[in-house]
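A.B. asks:
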Amino acid sequence: MPPIRTTRLVVTVAAVADATALARYSARNAAHLAPWEPARPQGYHSESAWVDRLALNVAEAAAGRYMPFVARLHNDEEIVATANLSNIARGVFQACTLGYSVDAALQGKGVMAEMLEAVLDHAFGEMGLNRVMANYLPENARSAALLERLGFEREGYAKRYLKIGGEWRDHVLTSRLAPEPPRI
Ligand SMILES: CC(C)(COP(=O)(O)OP(=O)(O)OC[C@H]1O[C@@H](n2cnc3c(N)ncnc32)[C@H](O)[C@@H]1OP(=O)(O)O)[C@@H](O)C(=O)NCCC(=O)NCCS
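Going by our numbering, the sequence shown opens with residue -4, and the numbers climb by one from there.
1) Considering L68, what are the terminal residues of the beta strand (DSSP E) in which it resides?
2) Across which residues does DSSP place A84 in a beta bridge pair?
3) What do you reckon, is the C-beta of F31 under 7 Å from a heavy atom of ligand 1?
4) Check N79 in the structure and name its three-state DSSP category.
5) Going by other Cβ atoms of all chains shown within 10 Å of its Cβ, with 16 needed for buried, is G43 buried or exposed?
6) Any chance the CB of M122 is under 7 Å from a heavy atom of ligand 1?
7) Would you call the CB atoms of D13 and L49 closer than 8 Å?
8) Which residue from D71, Q102, N125 puts its Cα closest to that of L170?
9) Can you find a heavy atom of ligand 1 that lies under 7 Å from the Cβ of G160?
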């Protein structure tokens, strides 16, 4: 995928070459992300751990099951936001799950929304998906507001849905649909 330029960002598919920048992003945002993510094992933020994970991601992406995106401000090396399309299903489903985060220093500036608009355009355009699902912890008010602004609709409440921070936690389930159903 060629880089996508938005007003403030350059959005690319994460590659092994992004390991250094992703290691820095995850280390400096560890406390910011911890309440909303799975418990991370020791060594998770190291560059070598990122090289290993990214190599697996590249294989998953080639198989069409996973798309990890990173965003940088124009003319800057640092990664400032991430978004992943996972569990990509084809056939009669044409759907995936969206995960995302923005650097703590850039929260509340619309950077996440700007990146996700580009990712969603790609998901419904190039990738031809019908449905992008995004699920959040009930107390994640920022995530709830972001998804509502982006046009996601609440579809349900799933008990004991994901193991976050070492605990099985309920989640609110939302989706956004493609403007038109894909032709399959
Ligand atoms: C969830 C998360 C991504 C939301 O990020 P965010 O910065 O609040 O989201 P947005 O990019 O939509 O920014 C919205 C804010 O920017 C403001 N804003 C400024 N300029 C803007 C612009 N050009 N466009 C849109 N909003 C803009 C909005 O008014 C809003 O401000 P507010 O937070 O004071 O109400 C972020 O809190 C995060 O990374 N959390 C940790 C990880 C996480 O929870 N991930 C999701 C798990 S489900």
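We put the beta carbon where it would ideally sit given N, CA and C, even for glycine. The model shown is predicted, which means the values in this text are computed figures rather than measured ones.
C.D. replies: According to the structure shown:
1) Here the question's residue 68 lines up with position 73 in the sequence shown. It spans 62 to 68 - the beta strand (DSSP E) in which L68 sits, taken as one unbroken run.
2) Taking the sequence shown and counting its residues from 1, one reaches residue 84 at position 89. The partner list for A84 (beta bridge, DSSP) reads A90.
3) In the sequence shown, the residue the question calls residue 31 occupies position 36. Looking at the sequence itself, residue 31 is Trp, so the reference to Phe does not match. Within the cutoff, so yes.
4) Indexing the sequence shown from 1 puts residue 79 at position 84. Strand.
5) Position 48 of the sequence shown, counted from the first residue, corresponds to residue 43. Here residue 43 is Ser; the residue named in the question, Gly, does not match the sequence. By the 10 Å Cβ count, S43 comes out exposed.
6) Position 127 of the sequence shown, counted from the first residue, corresponds to residue 122. The answer is no for M122.
7) As a working note, residue 13 is residue 18 in the sequence shown. As a working note, residue 49 is residue 54 in the sequence shown. Yes, they are a contact pair.
8) On the sequence shown, residue 170 is found 175 positions in, with the first residue counted as 1. The sequence given here has Ser at residue 170, not Leu. S170 has its Cα closest to that of N125, out of D71, Q102, N125.
9) Within the sequence shown, numbered from 1, the residue matching residue 160 stands at position 165. No.
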